[in-house]
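Residue numbers (this note's numbering), protein chains in the order written: chain F, 1 to 334; chain Z, 1001 to 1334.
Okay, so here's the structure we're looking at.
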C-alpha cells in the first residue's frame, strides 16, 4: 500500500492553538500587541538566521496576504483581522505561525504526503521554543486555554488533505465517515462550496481536542486516514472496472483541456487536474514531477496567478492567462 | 491571395461521362460486358506498365471497395452495382476510371488544391486514349450521349472540394451561391447529411453540361470557386475578430480532443479536425505536414480504419482505435 499512499494523502498538517496567559483572548489583539507578540515569536524561533520571515499583513501589498491564504499558510480569519495579524514563515513554507488569529498564536506544520507524525514533531519543537519566551495560558485540569472551547485541552488539530475522487464519484464518502464515527473525525471539502469539493480534495481532522492525549489524537487521525485511504483505493479499482472506455475518455479529454484550452475557469481547471491525477494513478497518463503538478493547483488561484503575471487581471484575462500558464507548466512535466 | 488558396480549395476533380456507341446504356452492363470493357480501358491506358491497376469489385474483399468509396475514388453507385463494375486506378490515386457505373465509363482526375485546369488536362488525355480503343456514343448536335440527360453534351463535371468553415458558421453559404446563380453551380456537403457538412467541406460543381464548351464550363467553375473563396476569406477575418477568446478556446479544445480523447466518433472527429485546420489558418496551431493532416480525414473513416487495424472492429472499438490512431498521427506532425 505504501506506494499508493501519496496518491491519496496529498499533505498532512498539525496545528496547535495557544494564547498568552497575561493577555485577554476574549477580544482580538490590537495592532500594537499583535506586532509585539509576532516579534517575540519570530525571535523565539531564531529569526532570519534560522530561516524565518516575519510578515506583517497590515502593511505591504494586500495581494501578498491573499497569496498566503491560497497557499493555505494563513487563514481567512487572519486575513480578515490583518490589522493585528502577522505570520512567521520558514523558507520552505512548511512552518507557519499565525499571530492574532482567533487565538493569539497558531502554530502550524505542513508537509507533503502522509506525515502526521512528522508534522507533530515539528510543531512540538516550535511550541517548546515559543513557550520559553511566551508564557501560555494553561489550566491544570483543562490544559491549554483557547478562545473557542472546541480547541481546549491540547489545542491540537491534526489533519490530512486527501484526494478522494472515487469515493466522491460513488457518493460514499459520508458512509466512510459514519463507519468511523466513534473516532469523531470531521471531513470537509478543501475547495468549493459546502461538502462538495471541486478537485475531490477533502480535509480530514479530529474534532476532539479535550480529554485525549496528543498521542491519542494523532493515533485516531492516523487510523481514520488509513481506513478512508483503503476505501478510496478499493473504490478506485471498482471505478476503473465499471467506468470502461467512457471513463478513460473523460480522463483523456480532461488532460486535453488542460493542455489546449485557450481559457480556463478555476472550477473546470480543478476538475480536470483531479481527473488527470487519477489518470496518472491508473497509469493512463505520465506525470513526470508530481510536486510541480500539485503546486500548479495553488499557483493558478486568482491572487497567485496575478502575482505570477505581474499585473492585475480581469476575470477573462485571468482565465486566458491561467490556460496559458497551466499548459506551459504541464508541458514541462509530461 | 495565392498563399491562402489551399486553405480553402482542398482538392479539384474533373469527371467525363462516356458510353459505348454499340451497346445500350439504358440498362447496366452485365458482368461479362463489364469485365470486357474494363479490360479494354485498362489496355487503352497502358495497363500495368503505365502504372495502372485494374480492380474487379465483384471479387476480392468487400471492404476494399468501401475503402475506395471512402477515398472518393469510386461512387456509391458503382459499389451498389459491383457485379458489373470495375475501376482502373493509377498508383498515385489521382486517376480513377469507373466502368459499369450509371454510364459505361466515367473518367476522373483528382488533384490536391485548386487545380481544375490540370485535372481537365489529365482527364482529356485519358479520354483521347480510351476513345482510340472504345468508340463513344456521340451525337452531332447533342454531343456525348449519357444515361441521364443532365450529363449530356460534354459529359463534364468539374468540381472543387472547398473548406468553408466561416461561411458555414455565419450561415451565408446559400447567399454566396445565390450571388453566382447565373453560373448554375451546385454546392453540397461532402460528408454528413443533406446540406450540412460535418467537416465544413463542400463540393462545388457545374450543373450544366450541355450548350457550353468544355472551356466555358471550366471557366464558370473557376470563377465561382474564386468568388466563394474570397467570401470565405472575408468571413474568416470577421469570425476571428468577432469570435474573441471564446472562439480561440473552441479551437484549442478541439485540438485537445483530437490529441487526448480515448474514443472519438466520426462526426466529432470531423468537427475537431475542421476547427484545428482553421486554427492553423489563423496561426494559432502549427501543422507540420498538411497532406498527412488531410489524409487523416479519409484514413479514419470506418472501412479505411478497419483496414489499418487489420481486423473487424465493433463501433466502440472503432471509436477507440480512431482516437488512438488520430492522436498518434497528429503527434508526428505537431
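Note that beta-carbon positions come from the ideal geometry of N, C-alpha and C, so glycine has one too.
Bridge partners of residue i, per DSSP?
i	result
residue 1110(Z)	1013(Z)
residue 206(F)	185(F)
residue 293(F)	Paired residues: none, contrary to the question.
residue 1056(Z)	1086(Z)
residue 96(F)	89(F) and 108(F)
residue 1020(Z)	1136(Z)
residue 25(F)	Bridge partners of residue 25(F): none, in fact.
residue 1159(Z)	1013(Z) and 1205(Z)
residue 144(F)	138(F) and 153(F)
Rounded to a whole number of angstroms, what is the C-alpha to C-alpha distance between residue i and residue j?
i	j	result
residue 324(F)	residue 1068(Z)	42 Å
residue 195(F)	residue 202(F)	Any reading at residue 195(F) needs caution, since the residue's pLDDT is 47, under 50, leaving its predicted position unreliable; the model's value is listed next. If I take the Cα positions, the gap works out to 9 Å.
residue 1230(Z)	residue 1166(Z)	11 Å
residue 10(F)	residue 217(F)	20 Å
residue 957(Z)	residue 1012(Z)	Because chain Z here runs from 1001 to 1334, residue 957(Z) falls outside it and cannot be looked at.
residue 1241(Z)	residue 1278(Z)	14 Å
residue 311(F)	residue 317(F)	11 Å
residue 178(F)	residue 222(F)	16 Å
residue 1005(Z)	residue 1111(Z)	Residue confidence is low: residue 1005(Z) scores 48 on pLDDT, short of 50, so the model does not pin down where it sits. No coordinate-derived value is stated.
residue 102(F)	residue 28(F)	7 Å
residue 1016(Z)	residue 253(F)	46 Å
residue 1199(Z)	residue 1270(Z)	5 Å
residue 65(F)	residue 20(F)	25 Å
residue 259(F)	residue 1249(Z)	11 Å
residue 288(F)	residue 1256(Z)	20 Å
residue 1182(Z)	residue 1206(Z)	11 Å
residue 1315(Z)	residue 1294(Z)	23 Å
residue 210(F)	residue 283(F)	44 Å
residue 1076(Z)	residue 1136(Z)	24 Å
residue 1191(Z)	residue 1175(Z)	21 Å
residue 31(F)	residue 104(F)	12 Å
residue 1180(Z)	residue 1120(Z)	22 Å
residue 1333(Z)	residue 1026(Z)	49 Å
residue 1091(Z)	residue 1290(Z)	21 Å
residue 106(F)	residue 1322(Z)	56 Å
residue 320(F)	residue 1018(Z)	58 Å
residue 1233(Z)	residue 1243(Z)	15 Å
residue 113(F)	residue 160(F)	8 Å
residue 52(F)	residue 143(F)	29 Å
residue 1038(Z)	residue 1140(Z)	27 Å
residue 128(F)	residue 208(F)	22 Å
Rounded to the nearest angstrom, how far is the Cβ of residue i from that of residue j, given a contact under 8 Å?
i	j	result
residue 162(F)	residue 8(F)	6 Å
residue 1214(Z)	residue 1145(Z)	No, residue 1214(Z) and residue 1145(Z) are not in contact; Cβ-Cβ is about 16 Å, not under 8 Å.
residue 63(F)	residue 306(F)	6 Å
residue 1071(Z)	residue 1298(Z)	6 Å
residue 57(F)	residue 85(F)	5 Å
residue 109(F)	residue 123(F)	4 Å
residue 275(F)	residue 251(F)	5 Å
residue 1326(Z)	residue 1292(Z)	Contact flag wrong, Cβ pair sits at about 11 Å.
residue 14(F)	residue 158(F)	5 Å
residue 204(F)	residue 172(F)	At roughly 15 Å, the Cβ-Cβ gap does not stay under 8 Å, so residue 204(F) and residue 172(F) are not in contact.
residue 1078(Z)	residue 1100(Z)	7 Å
residue 1170(Z)	residue 1235(Z)	5 Å
residue 267(F)	residue 134(F)	Not confirmed; about 42 Å, so no contact.
In the DSSP assignment, find the alpha helix (DSSP H) that holds residue i and state where it starts and stops.
i	result
residue 253(F)	214-260
residue 1086(Z)	Run containing residue 1086(Z): none in the alpha helix (DSSP H); it sits in the beta strand (DSSP E), 1086-1090.
residue 179(F)	173-179
residue 77(F)	76-80
residue 122(F)	116-131
residue 308(F)	302-309
residue 312(F)	Taken as a continuous stretch (DSSP letters only), residue 312(F) belongs to no alpha helix (DSSP H), as it is neither H nor E.
residue 1169(Z)	1165-1169
residue 1041(Z)	1031-1044
residue 275(F)	266-281
Using a Cβ-Cβ cut-off of 8 Å, state whether residue i counts as contacting chain C.
i	result
residue 1333(Z)	No chain C is present in this structure, whose protein chains are F and Z.
Give the range of the beta strand (DSSP E) segment to which residue i is assigned.
i	result
residue 321(F)	Unbroken run through residue 321(F) is the alpha helix (DSSP H), 315-333; no beta strand (DSSP E).
residue 1066(Z)	No beta strand (DSSP E) holds residue 1066(Z); the alpha helix (DSSP H) holding it covers 1062-1070.
Residues in the region 248-262 of chain F having any Cβ partner in chain Z nearer than 9 Å: 248, 249, 250, 251, 252, 253, 254, 255, 256, 257, 258, 259, 260, 261 and 262
Residues of the region 303-320 of chain F whose Cβ lies closer than 7 Å to any Cβ of chain Z, in chain order: 316 and 320
Under 7 Å (Cβ pairs) to chain Z, residues found in the region 216-248 of chain F: 245 and 248
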